[in-house]
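As structure tokens, the structure follows; a few thoughts come after it.
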Amino acid sequence: MRSKFAPEPAFRHGQPARTGVLLCNLGTPEAPTAPALRRYLGQFLSDHRVVEIPALLWKPILHGIILRVRPAKSAAKYATVWTPDGSPLKVWTDKQAKLLQGWLGEAGHQVRVRYAMRYGNPSIASQLDALKAEGVTRILILSAYPQYSGTTTASVFDDVADWGKRQRHLPELRFVNHYHDDPGYIEALARRVEAHWREHGQPDQLVMSFHGVPARTLQLGDPYHCECYKTGRLLAERLGLRPDRYKITFQSRFGKAKWLEPYTEPSLIALAQAGTRRVDVICPGFTSDCLETLEEISQEAREAFLHAGGQDFHYIACLNDSPAWIDALSQLTQRHLGGWPTQIASAEQQQADRDRALALGAPN
Ligand SMILES: C=CC1=C(C)c2cc3[nH]c(cc4nc(cc5[nH]c(cc1n2)c(C)c5CCC(=O)O)C(CCC(=O)O)=C4C)c(C)c3C=C
Ligand SMILES: [Fe+2]
Ligand SMILES: [Fe+2]
Numbered sequence: 000m001r002s003k004f005a006p007e008p009a010f011r012h013g014q015p016a017r018t019g020v021l022l023c024n025l026g027t028p029e030a031p032t033a034p035a036l037r038r039y040l041g042q043f044l045s046d047h048r049v050v051e052i053p054a055l056l057w058k059p060i061l062h063g064i065i066l067r068v069r070p071a072k073s074a075a076k077y078a079t080v081w082t083p084d085g086s087p088l089k090v091w092t093d094k095q096a097k098l099l100q101g102w103l104g105e106a107g108h109q110v111r112v113r114y115a116m117r118y119g120n121p122s123i124a125s126q127l128d129a130l131k132a133e134g135v136t137r138i139l140i141l142s143a144y145p146q147y148s149g150t151t152t153a154s155v156f157d158d159v160a161d162w163g164k165r166q167r168h169l170p171e172l173r174f175v176n177h178y179h180d181d182p183g184y185i186e187a188l189a190r191r192v193e194a195h196w197r198e199h200g201q202p203d204q205l206v207m208s209f210h211g212v213p214a215r216t217l218q219l220g221d222p223y224h225c226e227c228y229k230t231g232r233l234l235a236e237r238l239g240l241r242p243d244r245y246k247i248t249f250q251s252r253f254g255k256a257k258w259l260e261p262y263t264e265p266s267l268i269a270l271a272q273a274g275t276r277r278v279d280v281i282c283p284g285f286t287s288d289c290l291e292t293l294e295e296i297s298q299e300a301r302e303a304f305l306h307a308g309g310q311d312f313h314y315i316a317c318l319n320d321s322p323a324w325i326d327a328l329s330q331l332t333q334r335h336l337g338g339w340p341t342q343i344a345s346a347e348q349q350q351a352d353r354d355r356a357l358a359l360g361a362p363n
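Under numbering that gives the first Met the number 0, the first residue of the sequence shown is numbered 0, with each subsequent residue one higher.
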């Protein structure tokens with residue numbers, strides 16, 4: 000009888016435990032084309048964590064309508080943000096993983112950093128396999144989502160658990176649930192905003208736009224809404240903004256059901272109509288720029304605000320490869336690795352690693 004467990008390499012007695020960090024992001028299509036979008040959306044929207052409609056009802060809608068119409072429309076939007084190196088989400092996540100590896104210290108300090116995508120490639124399973132093949136026996140799963148949501152964070156957990164079901168020799172696993180109020184994360188966001196304001200002055204309103212989820216999930220106990228509000232409040236406090244100078248909104252609504260409100264675009268239109276001349280928009284829940292920030296906010300929402308009478312619209316880029324963010328990621332990782340004997344490097348070695356990571360291309 001064939002076993003469902005993959006064959007294991009011979010157990011290496013006496014070798015030091017190696018630690019892996021897997022930075023997991025949502026996923027993105029392989030190309031800005033309708034067939035690539037069909038594959039990506041097919042996998043994404045079949046996840047019951049994302050669309051909580053019974054499969055018997057949802058499958059005919061997904062395959063009969065959505066996957067016939069949406070791929071071409073979404074592909075056209077992706078084409079407007081695609082870079083020579085591929086999808087922005089993948090480019091930034093790849094770079095963050097490389098920089099984090101440098102910040103933490105490379106070979107010799109026993110920590111190996113990789114990134115994976117929940118949908119599409121590189122898959123979570125392939126990167127967990129790769130870490131195991133590199134001799135890693137302890138893995139920290141770190142999602143790119145600061146705010147916990149069943150639709151994203153828990154879905155990453157499901158995928159890791161599915162992989163685990165196929166392993167005979169499991170690594171030790173740790174899972175970061177959220178870091179929506181992490182001081183390093185808030186500081187990195189604040190520095191992003193302050194850098195923008197040093198160059199362009201302050202707006203009348205700072206709009207903090209988070210990805211939406213169905214409103215029902217809040218009633219059912221998902222903490223996402225509360226965590227977005229806490230992030231927003233902490234960022235405003237750090238920036239010294241009074242409550243009438245900022246607004247928290249939710250974007251990227253999908254389908255006809257009620258999602259978390261207030262919605263971003265109608266809020267921007269209302270602000271313009273009420274005489275707000277300049278808005279700055281930041282998307283704190285997205286740690287990498289992607290379709291939802293570069294197209295939906297920086298293009299579509301900008302146009303809606305200006306069309307409604309607003310004068311000036313500034314989009315503030317995501318954390319991407321900002322040094323304060325990589326530093327926050329590194330602190331967060333080290334805290335969650337606490338207790339695992341990973342031989343974190345000396346202060347001098349860490350500085351040398353940061354210099355090397357910066358030479359990889361992070362701006363100052
Ligand atoms: C169908 C419901 C969706 C839920 C629930 C949802 C939650 C959710 N998503 C993100 C982050 C991202 N979503 C992105 C794209 C995207 N999201 C949905 C739908 C839901 N998201 C779709 C259909 C798409 C694809 C684009 C489209 O066709 O409109 C992205 C960008 C990916 C990229 O390639 O650039 C991100 C990031 C979060 C954080 C979240 C819940 C908190
Ligand atoms: Fe989404
Ligand atoms: Fe969108």
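Virtual Cβ for every residue (Gly too), placed ideally from N, Cα, C.
Status (buried if at least 16 other CB within 10 Å, exposed otherwise) for residue i
| i | result |
| --- | --- |
| Q350 | exposed |
| V212 | buried |
| H199 | exposed |
| N24 | buried |
| E133 | exposed |
| D288 | buried |
| H224 | buried |
| G274 | exposed |
| E7 | exposed |
| A356 | buried |
| L270 | buried |
| I52 | exposed |
| P59 | exposed |
| N319 | buried |
| H62 | exposed |
| V206 | buried |
| G107 | Reliability fails at G107, whose pLDDT of 43 lies under 50, so the model's placement of it is uncertain and the value that follows must be treated cautiously. It counts as exposed. |
| N363 | Residue placement at N363 is flagged as unreliable, the pLDDT there being 37, under the threshold of 50; a coordinate-derived value is accordingly withheld. |
| T82 | exposed |
Reduced DSSP secondary structure (H/G/I, E/B, other) of residue i
| i | result |
| --- | --- |
| W81 | coil |
| H47 | coil |
| Y147 | coil |
| A106 | Unreliable placement is indicated for A106, whose pLDDT of 43 sits below 50; the coordinate value is still reported in the next sentence. In this structure, A106 counts as coil in the three-state DSSP scheme. |
| T292 | helix |
| T136 | strand |
| L141 | strand |
| S365 | This structure leaves residue 365 out entirely; the chain is present only between 0 and 363. |
| P213 | strand |
| D311 | strand |
| S122 | strand |
| P362 | Residue placement at P362 is flagged as unreliable, the pLDDT there being 43, under the threshold of 50; the coordinate-derived value follows with that caveat. Coil, per DSSP. |
| R38 | helix |
| T286 | coil |
| D352 | helix |
| K3 | coil |
| E347 | helix |
| G101 | helix |
| L357 | helix |
| Q218 | helix |
Host beta strand (DSSP E) of residue i (start-end)
| i | result |
| --- | --- |
| H335 | That residue, H335, is in no beta strand (DSSP E); its alpha helix (DSSP H) goes P322 to L336. |
| E171 | E171 to V175 |
| Q250 | Y245 to Q250 |
| I365 | The requested residue 365 does not occur in the structure, where the chain is confined to residues 0 to 363. |
Bridge partner(s) assigned by DSSP for residue i
| i | result |
| --- | --- |
| R369 | The structure shown does not extend to residue 369, since the chain spans only 0 to 363, so no value can be given for it. |
| S208 | T248 |
| G372 | Nothing about residue 372 can be reported from this structure: the residues present for the chain run from 0 to 363 only. |
| L258 | According to the sequence displayed, residue 258 carries Trp and not Leu. Answer is P213, bridged to W258. |
Residue i, enclosing alpha helix (DSSP H) - first and last residue
| i | result |
| --- | --- |
| R197 | P182 to H199 |
| L318 | It is not in any alpha helix (DSSP H) - L318 carries neither H nor E in the DSSP assignment. |
| E264 | T263 to Q272 |
| Y223 | Y223 to L238 |
| H62 | H62 -> no alpha helix (DSSP H), and no H or E assigned at all. |
| A300 | No alpha helix (DSSP H) contains A300, which DSSP labels as neither H nor E. |
Residues near residue i by beta carbon distance below 7 Å, same chain, minus five either side
| i | result |
| --- | --- |
| A300 | T263, E264, L267 and V280 |
| K3 | R165 |
| E347 | none |
| E295 | Q250 and S251 |
| S122 | A115 and M116 |
| L336 | T18 and L139 |
| E226 | Q146, Y147, H177 and H179 |
Same chain only: Cβ atoms within 6 Å of residue i, ignoring 5 sequence neighbours per side
| i | result |
| --- | --- |
| T332 | V20 |
| T32 | A74 |
| D352 | G101 and G104 |
| L127 | W162 |
| T151 | Y144 |
| T230 | H179 and P283 |
Neighbour flag for residue i against chain B, beta carbons, 8 Å
| i | result |
| --- | --- |
| R215 | Here chain B cannot be found, since the structure has a single protein chain. |
Residue i: CB within 7 Å of a non-hydrogen atom of ligand 5
| i | result |
| --- | --- |
| S154 | With respect to ligand 5, the structure shown offers nothing to examine, as its ligands consist of ligand 1, ligand 2 and ligand 3. |
Residues near residue i by beta carbon distance below 8 Å, same chain, minus five either side
| i | result |
| --- | --- |
| A187 | L318, S321, A323, W324, D326 and A327 |
| S125 | A115 |
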